[in-house]
Each structure stands twice: as structure tokens, then as C-alpha cells.
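Below you'll find the structure, written out as C-alpha cells, and then a few comments.
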Amino acid sequence: MLRTALLASLLLAVFVATAFLLLPLWLRHAMRSSLPQIDGSLHAPGLSAPVTVVRDQHGIPHIRAATTDDLVFAQGYVTAQDRMWQMDMLRRSASGELAEILGPRLVEHDRAQRYLQMRNTADNAAAHLPADQLHWLEQYARGVNAFLDANADHLPAEFRLLHYRPQPWQVRDSLLVGLYMTQDLTTEFPIKLAREAISARLTPEMVADLYPVGSWRDHPPGQSMKDLTSPQQEIEQIPLDESQSLLHTPRHTPTTAAPNRKTASPDATHSELASRDTANPQLASRDLADLRTALSVGDSLIGCAGCFAGSNNWVVGGAFTASGKPLLSNDMHLALTVPGIWYMAELHAGADQGGFHATGFTLPGLPFVIAGHNDRIAWGFTNLGADVQDIYVERTDSQGRYADANGAWRPLQHVQETIRVRGGRNVHLDVLLTGHGPILTPLLPHEKRQLSLQWIIYRPSTVTDPYFTVDSAGDWTAFCGAFAGYGGPSQNVVYADVDGNIGYHAVGMIPFRTNGLSGTPIADNKHEWTGYIPFDQLPQIYNPPIPLLATANARTPSDSYPYPITLDWGSPYRNERIWKVLERAQHLEPKDMLALQTDVHSDVDQEVGQRFAYAIDHAQKTSPRLKQAADLLRDWNGEVSKSSPAAAIVDSATKALWPLLLRPHVGDLWQSYSWGESAFAEEELIAHTPERWLPQTYTASNRTWDALLAEAVSDGLRDAHAPRDLSKWTYGATHTVNLEHPIYSRIPLLGNLLGVRIGTGDLPQDGDASTVKQTGYNFGPSERFTADLGTLNASTLNIVMGQSGNPLSPWFSDQWNDWYSGSTFAPPYGETIGDSGTSHTLNLLP
């Protein structure tokens, strides 16, 4: 019996070892056989005439077609050559169909997406698309499907490894990809749920502290910087400690304010107070955490848990540049995935008649260029962050009805959903719909109320794809006209043209609520949507007196702007730094734009570091280690570099301060606190040290904010496992970047066995959320772009890893070193393609 057991164990070990060795060989073969054809000719039924696809040294396709129909067809075909598995993951992630191929661990994600009704929303939108937009999406789908038909036996290795075939591409799938991006940029409702739960345990003054609406640091486009040397009505940033000055300005929270200023709107405050009578006291922080994980996937397949989708863009006129023509820069901060979210392409149709010509960043699954330039204009985006979601507390009865906004009883609609689960039982859902939208209560196990979600995407006419018109625009008027009906995620767009003009325009359908915005679930009928902010009344400016415009997710409307856009702006620090650098610049060139995109100086981190040092100096109890921390902070220049010990101290201390402040007041809900301006809220608390935030254990023992801040430094050092000698600690030791392939990285040693890079591993990283170069573990600039309107061929573009999703492609990670080191390159454009050392030309034939 023992011999039999030993023999069986030996045979099992041999089998496992053999499989371990054969899997990489098989996978390498599968990867190699799925590399796309990039030279010669191949037939692509559906074309009306031959199309030429020239790939440059970075694998960027330069597609030339006789007609725009053939161009869009070819774009779908070529994008599928490099990114077909990613495209399938994007549509599956949006529609809630990941568990069908990846198993039970994706059920919660799929469940959330089914309750959000993303697939049905895409179907409804497809039925309402303008005819021209529908046509382009159909052409793109034909190109993708031509690739699938021609490569049924040579699909990307992920399909074969997971043993499934992709379904044909449909118009709905392109809309799902766009809706995925909209979801990433506009999902605010979990923040509203958390805000309601947290607000129920705090005083109105404390709520206002945690949830500022804009800040004194904001710099809306076209608004001059404050002259701090002129007489001011109020000095908004008081000294850090009363003992430093005779001046003392008591903390004051106004009860009313304009909705775009730095305090919460009256409507938000009223709604929070009213919610105390309706909020579920048992809503658990675990519910909110699980919801966030489900929505973001949480395992780096597609999304980035806890990331604030942000970006930088700016444009400077010829008065600031060496060429006398504008420079426009854009780096969009998103989850960093393998492959990356963007795919670069140059698209050219009807060259003999001028035709269509644009280059830049495309989104796999959608036609045309999203951000980039054509022969006359350039444009780039940041997320405006408009509030396009509301949660409503619905009144329902035992007869399956709900009360509408007028109090009339109407039947709840039922939508049946089935989640297919690989290796598990299928999950059946009965999704209930009201006039506002789907009931989301089943996603919150401890919630007793019937909560529905109203979202801009549920109005099908708002889901549009206007990028053919955007890419074709030749001046400001045509460019703005292209966005007039745009209903995607609301954006800040900067513009420049070869004639020297520059401009900014907010775009997107932004709901108008007669009684203002609400930061928490709504339990009345006074916050219904009554229309949209008119496009021509959205924030905008064209050729400002000082030819400089910039946005970075901070508040963009001026102080006098009449329409409320959101309560939750991004922190002001990146935008403030961009304006500060550019306003004093001269003779700017593209290399100067790259230097700003990779800038890691933080005024606020330096300021907070000085305050921590002061606190340690004045705390009753301290230690030699804390004193060393104070010395390092005092001498720090504010550069958040990966080699900096002081940056590591500030980072760890600011993280540790939040639980010290919040836990005594809200318990475990402190982990659910999330706000775009949370860093500004923390800065204000540190600067003004309001007594209401000191825990009772501190006030009872006569300890001060100095003691609290010193404890935050101590806790931060402990939590980050800082070394005994802090001078040997570095920011990069705890702040790293790591990009992993969602499938291959889960197979140990696969990269070594394949002999290729399938991820980046943990690498030290510069920058934080307050620096222009905003970075996180798998979050940061998803692309870098600078358009030189004086010499378009000198425009620079790069993405994070590379064009291909295949690890055996030379273009899988060839751009990584440029991205990581902060360098870039100028891809060929137009007639320069043939002069750039290009070695790959593919002819697609009808």
C-alpha cells in the first residue's frame, strides 16, 4: 500500500512538472501564432477599395483609405489585430459577463453591472443613435468581425487559454465600451451613500469640514490669479498656530453659499439633515466597501479600486512659446492596465481630396480619435466631474408599485437577468425599475430602504459618439458644434489651432435640478431633473486676454457661474501648480511641456510637512525618531521624488491622520470616507486645528492638535514599517507602480519561462495625488500628449506599455521605459511616415 501511494505521488509530481514545462511551450506557440500579419497583403471582405496600413517603429498603425467607410472598417480590423481580447474584456466588464469565462469570483462584479442595467442601456442607446453615428459603429463592427472571421484559428492566446471564442462584435458592444468609460468617470453614488451614513453621526460644521465644494486655491480657466499683495476682505489661510501671530480668525462655517464655492450648498446641507430621519443606521461600512470592490472589479482586470479618475490639460498661446504658435498638452490619469486603455493610430481617408485626417489616442472598441490633432486643430480632455447621478429613496407598497414624483402610484418594472457562471451555478436576478432607474438596494445587504439610481445614461438620447465630427473640425465654431449634442462623461476640453487661437469648453449633458444638487440620497420630490444646462451656457472661454488655459479636475466655473455642476470637485493642487509654472514661462517648447507633465513638486506636502515638524517640536511627548522626522521635514524642498525620506514621512503621516480624526466620531465608517477634495479638507483641518475634531481622549487630558499631529507621524511610520534610521528611508520604498497582465501574471514564473515581460513588477515611483505627475500603485498618466501647432510633425504622443496585447510582440512594452523615465517621442505624421525608418506595410484588399 505504501509503495502504491509513493508511486502515485511520484507519477503526480512527474505529471505536474511536465505540465509546468509544457504550458509555457504551448502558450508561447499560441502567442506566436496569434501575432498579426503586418506585411504583404490579405483579403478583408467588406472593403470597397484597398487600404494601406503602415506601422512605424512603435507599431502605431497609419491607415490610409480611399473612403471614410473603408477607413473605419480598417480601424476596426487593425485594432482587433492588437487588442481583441482587451476589447472582449471591456464589453464583458461593462455588461456583467465576466463570470461566464472567469468563474465565481467575478459574480459580484457582474451582479452590480446587471443591477446597473448597462447592457440594456447600450441596447436602448443603439436604438436612438443618429443615423450617421450608427453607420460608423456598424462599419467599425464589420471590420472587427472581418478580423474574427479570418483568424478563427489564430485568436489571441487568452481566448485559447480560457477555452472560449468571442462573439461577433455589435454596435451595442462599442456603446458598452463607451459606457464603461462613462462609468469610470461618473460613478458618484457610492460616495453619496457613504456621505449620508457619515453625516448622520456628525454636526453640520464637521460635515462641511469633510466635504468642501471648491477651494480658495481654485483657478478656473480664464480667471486671473488672485493678487495676494492687494487688500483682501479676508485672509483665508491663517497662521498655523495662534502663538505665531496676534491675528486670530475663528473657524466659521457659513450657512449659505453659492454652489460652486468652497462650502457646501444649502441644498446639500438640507438634504443631509433630512436624511438623518430616513437614513438606515445599520448601513455597514462593509456594504460600501464590497460595493466599491464589485464596481471596480478590484483585481486589476479592468478597473482601479479607490482611484480618482483625473487628468491634466493645458494650452498656451504663441506669446508663451518659442514658435509663436500654441502648444497643447494632455495627460489623462486613469487605471494603468496591461494592455493600456489607449491605442494610438493615424487615420487618413480621401487623401486626394483633402479628406479626413486625424491622429492620436483611440479607445479599443470605438472608431475615430478621442484625443489628438488633425491638420488644423488639437484637443485634449480632463474629467469635469459633473454630478450626473442621484439616489432616490422610493416609496413602494405591497402591490409592487412605487410613488412617482407627483405621488401617483405606478407599477414597478421587472427585468430578468441571468449571470452565467463558469464552474458554478447560474445566478438569476429580478431587477426592479422605477421612473428614476433601477433599484439598487439588493447590492447593500443591510439597507432597508428602496433606493433607486437616476443616471444620465438611462436617457438613451444622451449616449452619443460624435468623434467623426470632432476629428473633422477645422476651427473653434465647428469643434464646439461637434460637442453640442455630446452626452458622454462630462469633460473639460482645451483647444488650439494652427491660426494661433486657443479655447476651453466644458462639454456633456449635465442635469439641471431646480432646487440644486444633493450630496446624499433624496427623500423628497424637490430634486427632480428638469432638463440640462444649455451647451452654450456651459463654462467656456475663447482667446482669453492672457493666452493660457489649464484644467486638472479642480473647480472650473467662475465664482459668478449660475448653474450648479457638482459638489465634488477634485483637489486644486495640480491645477494650481500648472498655472503657477506656466504664468511665468517664456519661449516654451514641447520639452518644457513634458517637464511639467512629469513635475513632482508639491507646495501642500511641503506646507503640511512643516506643520508636522512644528507639532513634533511642541508636543509634550516625543522621541528621538520623531525628532529626526521633524529635522528631515524642515529641510525638505517639497519634491515628491522616489529618493526622498521627507516625502515618505508626509505620505505616511497624512494617511495615518484620517483614522485618528474620523474613527472616534464615525467608527468603522471612517474607511468609507471619500471625497475629491479630501486632501484639501485635511489641509484645512491641519491649518485651522478646530477643537471639534480633537478626540475626547485628547481634550480630557489637555492634549492639543500638536500631540495629535505628532501621533499621526508616529502611527504613519509604524504602519509603513519605516526603518529605525529615517534618513535611509525613501518614498519609493512604499510608493511603487506595478502593472500586471490580468491573466498571465497569475501564473507563477510564467514571464521567466516565456522569456518575455508580462508585467512591470513593483518599481519605485515619483509623485503623489497633489503633484502634476499624479501616480498610484496602478494609477497615473495613461498617456502623454503635446501638440505643437507650429510644427505638427513635432507633436509628441506615448502610452504606458505599448500598442500590442501580445507579450511576444515587439510592441507589447516598448513604450514602458519612456513612460517610466519621463521621456516621450514624436510619431511620424502625414507625409513623414515613409521617411521614419518604417519597415512594415500591410495592404488590406477587398
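In the numbering used here, the protein residues as written are 1 to 846. Glycine included, C-beta positions come from ideal geometry on N, C-alpha and C.
For this session: Would you kindly check if the distance between the Cβ of VAL772 and the Cβ of ARG625 is under 8 Å?
Result: no
Exercise. Any idea which residues DSSP pairs THR913 with across the strands?
Worked result: Summary: the structure shown does not reach residue 913, with the chain confined to residues 1 through 846, and so no result is reported for it.
Problem set entry | Local Cβ density within 10 Å of PRO254, reported as buried at 16 or more and exposed below that | With a pLDDT of only 30 at PRO254, under the threshold of 50, the placement of this residue in the model should not be trusted; the figure read from the coordinates follows. Taking a 10 Å sphere around the C-beta of PRO254, we find fewer than 16 other C-beta atoms and assign the residue as exposed.
Exercise. DSSP three-state call for GLN765: helix, strand or coil?
Worked result: coil
Exercise. Bridge partners of MET344, per DSSP?
Worked result: PHE361
Exercise. Can the beta-carbon of VAL415 be found closer than 8 Å to that of VAL421?
Worked result: Judged by their CB atoms, VAL415 and VAL421 are not nearer to each other than the 8 Å cut-off.
For this session: Find out if the Cβ-Cβ distance for the pair SER727, LEU632 is shorter than 8 Å.
Result: yes
Problem set entry | Identity of the residue in PRO445, GLU394 and LEU717 nearest PRO438 by Cα | GLU394
Problem set entry | Neighbour-count burial assignment, PHE479, 16 or more Cβ in a 10 Å radius | buried
Exercise. What are the uninterrupted segments assigned as alpha helix (DSSP H) that are 4 or more residues long and contained completely in the region 753-822, given in chain order?
Worked result: For the region 753-822, whole alpha helix (DSSP H) runs of length 4 or above, ordered along the chain, are 816-821.
Exercise. In chain order, what residues of the same chain have a beta carbon less than 7 Å from the beta carbon of ASP123, not counting five sequence neighbours either side?
Worked result: ARG172
Problem set entry | Residue nearest to ASN738 in terms of C-alpha spacing, selected from ARG757, ASP715, LEU754 and ASP762 | ASP762
For this session: Under 8 Å by Cβ, that's how I've got PRO846 and LEU47 pegged, so tell me the actual separation to the nearest angstrom.
Result: 4 Å
Exercise. Looking at the unbroken beta strand (DSSP E) that takes in PRO511, where does it start and where does it end?
Worked result: Bounds of the beta strand (DSSP E) holding PRO511 are 511-513.
Exercise. When DSSP builds the beta bridges, which residues end up paired with ASP331?
Worked result: ASN312
Problem set entry | Buried/exposed call for THR760, threshold 16 Cβ in 10 Å | Under this definition THR760 is a buried residue.
For this session: Please name the residue or residues paired with LEU42 in a DSSP beta bridge.
Result: LEU844
For this session: With DSSP collapsed to three states, give me the class of GLN167.
Result: coil
Problem set entry | Nearest neighbour of GLU684, chosen from GLU188, ARG217, ASP88 and LEU35 [CA to CA] | ARG217
For this session: Taking TYR504 as part of the beta strand (DSSP E), name the residues at either end of that continuous run.
Result: 502-507
Problem set entry | N-terminal and C-terminal residue of the beta strand (DSSP E) that GLN413 is part of | 413-419
Exercise. Short check: CB of THR362 to CB of THR786, under 8 Å?
Worked result: no
For this session: Can you give me the start and stop residues for the alpha helix (DSSP H) that PHE189 sits inside?
Result: Judged by DSSP secondary structure, PHE189 falls within the alpha helix (DSSP H) whose first and last residues are 189-199.
For this session: May I have a chain-ordered list of the beta strand (DSSP E) segments no shorter than 3 residues that lie completely inside the region 137-182?
Result: You should have found no qualifying run.
For this session: Express the C-alpha separation of LEU789 and ALA322 in angstroms, rounding to a whole number.
Result: 12 Å
Exercise. Hey, would you say GLY380 sits closer than 8 Å to VAL213, going by beta carbons?
Worked result: no
Problem set entry | Candidates GLN183, GLU97, PHE356 and ASN501, of which the one nearest TRP455 by Cα | GLN183
Exercise. Looking at the structure shown, is ARG217 part of a helix, part of a strand, or coil, going by DSSP?
Worked result: Note: ARG217 maps to coil in three-state DSSP.
For this session: Following the continuous alpha helix (DSSP H) through THR382, name the residue where it begins and the one where it ends.
Result: Segment 377-383 is the beta strand (DSSP E) holding THR382; no alpha helix (DSSP H) there.
Exercise. Secondary structure at GLN133, three-state DSSP: helix, strand or coil?
Worked result: Residue state, collapsed to three classes: helix.
Exercise. Cβ of LYS642 within 8 Å of Cβ of GLY732?
Worked result: LYS642 is a Cβ neighbour of GLY732, given a cutoff of 8 Å.
Exercise. Are three or more beta carbon pairs between the region 42-56 and the region 323-339 nearer than 8 Å?
Worked result: In short, these stretches do not touch, since the Cβ pair count stays below three.
Exercise. Based on the DSSP output, what are the partners of ALA65 in its beta bridges?
Worked result: ALA349
Problem set entry | Check whether THR186 and GLN450 have beta carbons under 8 Å apart | no
For this session: Given a cut-off of 8 Å, decide if ALA679 and ALA769 are closer than it, judged by their beta-carbon atoms.
Result: yes
Problem set entry | Contacting residues, own chain, Cβ-Cβ under 7 Å from SER674 (five flanking each side not counted) | Result list for SER674: ILE191 and ALA194, in chain order.
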